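A short write-up of the structure that comes next.
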Amino acid sequence: MKKAILFMVLPVAISAQVGINTTSPAKTLDINGELRIRTLPAGAAADDILSTDASGNVRKVSRSDLSSGSSSGFNNTILGYDPKPVATRPQPPGSVPGGGTATELGCKKWSGNNHTYCAYQLSQAINWFNAFSFGKQMGGYLVTMPNDAERTWVNTNIVASGTGYNLANNVWIGFNKIQRPGNPDQLQWITGEEFRINWSTNPATTENWFNPGEPNNSGGVEGATHIFAGSVNAERRWNDLNGTLTANSSISMNQLIIEFNE
120 MKKAILFMVL PVAISAQVGI NTTSPAKTLD INGELRIRTL PAGAAADDIL
170 STDASGNVRK VSRSDLSSGS SSGFNNTILG YDPKPVATRP QPPGSVPGGG
220 TATELGCKKW SGNNHTYCAY QLSQAINWFN AFSFGKQMGG YLVTMPNDAE
270 RTWVNTNIVA SGTGYNLANN VWIGFNKIQR PGNPDQLQWI TGEEFRINWS
320 TNPATTENWF NPGEPNNSGG VEGATHIFAG SVNAERRWND LNGTLTANSS
370 ISMNQLIIEF NE
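Count along the sequence shown starting at 1, add 119, and that's the number in this note's numbering.
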């Protein structure tokens, strides 16, 4: 009598890192050598493009962001450095330019641009210039919000009470005064982005969130921009201020939002 033996193969999910020519892989797949792909399907014009950082980590870059004239307006030349992947940010954040330390409260990604926004609590107040340097140190940059959609998402998911971060104090953002030869000082996003324009108004307006009457460059010394503390302005509108200050209305500048391009 013949007996039938039934073998069952059950799918098993294995969570591990695989290395080729390396015994210490640092990613899910870590190749120590050249990579060759013999057949690739044709892509679409809107596809992202793969690039690598200095360590060989592969990441995607929007095709529209490959030049300073990109549709997003992001300009590394204006920012002054190349942002890094959010995964490479220092953990813990460590010391803060100007003194003190930072604690990361958490990060969230917005599907509108696939950027990640991380909230930080500082042990002491910070001026705008050191806040800019902290953003660079983390590999991102002070948050920029050139349109209503992004600003609303940041306010609802990062700034507002109930988000888990409680950013109730003043918060510096990446909008500051610059001086161009032969021209008066002008405010500009540190990334080179432009405000989205609302052409339905007469005259046309930009999608900004400045408090009425602001920015006003009071005393000719204001230029850095911050989000009002919740106790001062319930709508969390923006105001220009002297960038060397570390408080407004006796409320510290000790909370930050750092944006990462992924």
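From the three backbone atoms N, C-alpha and C, an ideal C-beta is built for every residue, glycine too. None of these values were measured; they are calculated from a predicted model.
**OP:** For residue 292, count neighbouring Cβ atoms within 10 angstroms of its own Cβ and tell me buried if that reaches 16, exposed if not.
**Re:** So residue 292 counts as buried.
Subject >> Per-residue DSSP class, three states only, for residue 240 >> reply: In the three-state reduction of the DSSP assignment, residue 240 falls in the strand class.
Original post:
Between which two residues does the beta strand (DSSP E) carrying residue 255 extend?
Top reply: Careful: residue 255 lies outside any beta strand (DSSP E), inside the alpha helix (DSSP H) at 247-257.
Subject >> DSSP-derived helix/strand/coil call for residue 349 >> reply: Reduced to three states, the DSSP call for residue 349 is coil.
**OP:** Tell me whether the beta-carbon of residue 229 lies closer than 8 Å to the beta-carbon of residue 343.
**Re:** Inclusion of residue 229 and residue 343 in the CB contact set at 8 Å is not warranted, their separation being larger than that value.
**OP:** Measure the C-alpha to C-alpha separation of residue 350 and residue 240 and round it to an integer number of angstroms.
**Re:** Spanning the alpha carbons of residue 350 and residue 240 requires a straight line of approximately 18 Å.
Original post:
When burial is assigned at 16 or more other CB atoms within 10 Å of the CB, is residue 341 buried or exposed?
Top reply: Counting Cβ neighbours within 10 Å, residue 341 comes out buried, since at least 16 surround it.
Original post:
How many Å lie between residue 362 and residue 302 at the Cα?
Top reply: Counting only the Cα atoms, residue 302 lies some 21 Å from residue 362.
Original post:
Going along the chain, which residues of its own chain have a beta-carbon closer than 7 Å to the beta-carbon of residue 282, five neighbours each way excluded?
Top reply: Same-chain partners within the cutoff: 276.
**OP:** Identify whether residue 201 lies in helix, strand or coil by the three-state DSSP scheme.
**Re:** In this structure, DSSP gives residue 201 a state outside helix and strand, which the three-state scheme calls coil.
Original post:
Run through DSSP, which three-state label would residue 189 get?
Top reply: With a pLDDT of 47 at residue 189, under the threshold of 50, the modelled position of that residue is not reliable, and the figure given next carries that caveat. For residue 189, the secondary structure class from DSSP, reduced to helix, strand or coil, is coil.
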